[in-house]
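Respectively, the protein sequence lines represent chains A and B. Residue 245 is where the first sequence ends in the numbering used here, and the numbering goes up by one at each step. Residue 1245 is where the second sequence ends in the numbering used here, and the numbering goes up by one at each step.
2 protein chains.
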Amino acid sequence: MTNPHRETQKDNILIDCQDQDTLRPSKLDFSPDEQKAVYKAFSARRDIRSYLPDPVPKEILERILHAAHLAPSVDFMQPWNFIVISDRNIQNKLYQVVEKERLRASANYDDLKQDHYLRLKLEGLLQAPMTICVTNHSGRGGPHVLGRNTIPETDLMSTACAIENMWLAARVEGIAMGWISIYQKQDIRNILGIPDSVDPVALLTIGYTSHFPDIPVLERVGWAKRLDLKELVFQNQWDQKELDE
Amino acid sequence: MTNPHRETQKDNILIDCQDQDTLRPSKLDFSPDEQKAVYKAFSARRDIRSYLPDPVPKEILERILHAAHLAPSVDFMQPWNFIVISDRNIQNKLYQVVEKERLRASANYDDLKQDHYLRLKLEGLLQAPMTICVTNHSGRGGPHVLGRNTIPETDLMSTACAIENMWLAARVEGIAMGWISIYQKQDIRNILGIPDSVDPVALLTIGYTSHFPDIPVLERVGWAKRLDLKELVFQNQWDQKELDE
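What follows is the structure, encoded as structure tokens:
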């Protein structure tokens, strides 16, 4: 084991095994109101591209980042870092490299409205008072990270879980978030001084907004529809639906 | 645009732009108690490997899957599917291919306790009344998915966000979840009949447990430490800390 964060303590694995001896389910420690609040957060979370200039209070930013850090990670490797960008000059540089990729991507769209919409989506980078670059460091856990031997991308999935926690935390704080992924990673590394071994996997614009729409904007403008969940759930085998449906 | 889910509706992009004309922040629609409930869910979520045989009620399973489906996805592509496995014969087959990879992985561990711990982690597959295989289908959105031109793995990150939603929803329902990623994808495809174009990215064991520990098991047994969040957050540039710290 070469993970520098690890210090193997002896004998306490046995404590862990004792869990299996208690055969009653754990007492439910979330009240119906608490359950509703969590489901409300899932439903109310939106990808927002329109921001007000008001700054994000420092204590709220800290709670959002703390929520990220509570995410699960493969082998507890915690592969994430967060670069909080409030320097307008750097935000402008980020916008320029994103805009360069937008122009390249727009060649794929023959609908002027879609092109217009894509432009709007990226202007959040100029409007938002703050952008957080989330990075993923595959090398953090050493060469034998448990669970990455067979599926190496589980580190990236861990970082994505951290982003989802941030998004939910921001939403309950009344803070809007948008996820921008139209950029070349090397451009972002150059601007933010990120080492080659670290991947900038998301640019998250963060700030107050005038309202959170009831349905996702991409759904509202007809870009895509929400799929029917029943079509996505199978029983025991791929493509096998429940017999009673 | 070749996404079959898309039907471009005209003229309603303009409605979207009106958001920018209202210059007051949205009214905070989460009460302090609701905020606390969401933060409590982040803190209380655990990777659990020890299960009781009690079945997961169908209505709870449906709420957990609905939470998954409310996750963000790049270009709203919703690349996920969920195979709910309650057939004991299939669960045993999954355990066998996971156990095969455990034996291969254990060659990397020279500490007997670590090897013992790894074995315990996977036995959840035999104990849990239910396992959900979450898959990711990169091809779902067609060839020009917005935001995947430059960072193709954003589809996988979307599916990871869905898994985090499931995990939080399960936790508030008193249902334990564990994420197993020690397997060859092709083995899982063979057992569950998954097409080659679809990636089985997680096996999630799900069920009741006797208790949710206060701190993550990997931290408690000394496998890894929680990193100091302050060391992971930078200001405007990689490795740049706040001046007042």
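Where is the CB? At the ideal position from N, CA and C, for every residue including glycine. Predicted model only: the values in this text are computed from it and were never measured.
Beta-ladder partner(s) of residue i, from DSSP
i	result
B/V1198	Beta-bridge pairing links B/V1198 to no other residue.
B/G1207	B/A1176
Top-ranked residue by Cα proximity to residue i, from the options
i	options	result
A/V97	A/I188, A/L23 and A/D54	A/I188
B/S1050	B/L1168, B/K1036, B/P1129 and B/D1075	B/P1129
B/P1143	A/A160, A/Q235 and A/A107	A/A107
A/L229	B/F1082, B/T1135 and B/A1041	B/F1082
B/R1220	A/F42, A/D33, A/D75 and A/Y39	A/D75
B/S1073	B/R1148, B/L1232, B/W1167 and B/L1192	B/R1148
A/N190	A/I85, A/L94 and A/E62	A/L94
A/D87	A/F212, A/I132 and A/I215	A/I132
A/A176	A/P55, A/D33, A/E34 and A/W238	A/P55
A/S238	B/Q1240, B/I1194, B/E1173 and B/G1178	Note that residue 238 of chain A is Trp in the sequence shown, not Ser. For A/W238, the nearest C-alpha among the options comes from B/I1194.
B/I1163	B/I1180, B/Q1186, B/G1124 and B/L1023	B/I1180
B/E1153	A/K185, A/R45, A/G124 and A/P57	A/K185
B/Q1215	B/Q1235, B/K1036, B/S1043 and B/Q1035	One detail in the question is off: residue 1215 of chain B reads as Ile in this sequence, not Gln. For the residues B/Q1235, B/K1036, B/S1043 and B/Q1035, the minimum Cα distance to B/I1215 belongs to B/S1043.
A/L218	A/P32, A/G174, A/L120 and A/Y39	A/L120
A/L118	A/I85, A/L61, A/I182 and A/Q78	A/I182
B/P1032	A/G178, A/N89 and A/I60	A/I60
B/P1213	B/Q1035, B/E1034, B/K1036 and B/R1045	B/R1045
B/M1077	B/G1141, B/R1024 and B/K1100	B/G1141
B/E1231	A/P79, A/R104, A/N89 and A/D199	A/P79
B/G1174	B/P1057, B/N1089 and B/D1199	B/P1057
Residues near residue i by beta carbon distance below 6 Å, same chain, minus five either side
i	result
B/L1122	V1098 and R1102
B/D1021	In this prediction, B/D1021 scores a pLDDT of 49, lower than 50, which makes its location untrustworthy; no coordinate-derived value is stated.
A/W247	Nothing can be reported for residue 247 of chain A: it is not among the residues displayed for chain A, which extend from 1 to 245.
B/I1048	A1176, G1178 and T1209
A/W167	R45 and M177
A/L23	none
Same chain only: Cβ atoms within 7 Å of residue i, ignoring 5 sequence neighbours per side
i	result
A/V201	V134, T135, N136, L156 and T159
B/A1169	R1063, I1064 and A1067
A/T150	none
B/V986	Given that chain B is displayed from residue 1001 to residue 1245, the structure contains no residue 986 of chain B and the question cannot be resolved.
B/Q1235	K1241 and E1242
A/V233	none
Other residues of its chain near residue i: CB distance less than 8 Å, five sequence neighbours each side excluded
i	result
B/L1070	N1165
A/S210	S50 and L52
A/G139	S197
A/L126	Q91, N92 and Y95
B/V1038	F1030
A/I85	Q91, L94, M130, T131, I132, C133 and L192
A/G124	I48, R49, S50, Y51, G178, I180 and T205
B/D1199	T1135, N1136, H1137, S1138, L1156 and K1185
Short CB-CB distance (under 8 Å) between residue i and chain E
i	result
B/A1169	Absent here is chain E; the protein component of the structure consists of chains A and B.
Contact test: residue i Cβ vs the ligand PLP heavy atom, cutoff 7 Å
i	result
A/V172	Ligands displayed in this structure: none; no statement on the ligand PLP is therefore possible.
Okay, do the segment 1026 to 1034 of chain B and the segment 1151 to 1159 of chain B touch, 3+ Cβ pairs below 8 Å being the bar? no
Entirely enclosed alpha helix (DSSP H) segments - the segment 1043 to 1088 of chain B, minimum 4 residues: 1058 to 1069
Do the segment 1193 to 1212 of chain B and the segment 1222 to 1236 of chain B make contact, defined as three or more Cβ pairs closer than 8 Å? no
Going residue by residue through the segment 1095 to 1172 of chain B, where are the continuous beta strand (DSSP E) segments of at least 3 residues, counting only ones entirely within it? 1130 to 1136
Pick out the complete alpha helix (DSSP H) segments inside the segment 206 to 238 of chain A, 4 residues or longer, and give them in chain order. 217 to 220 and 229 to 232
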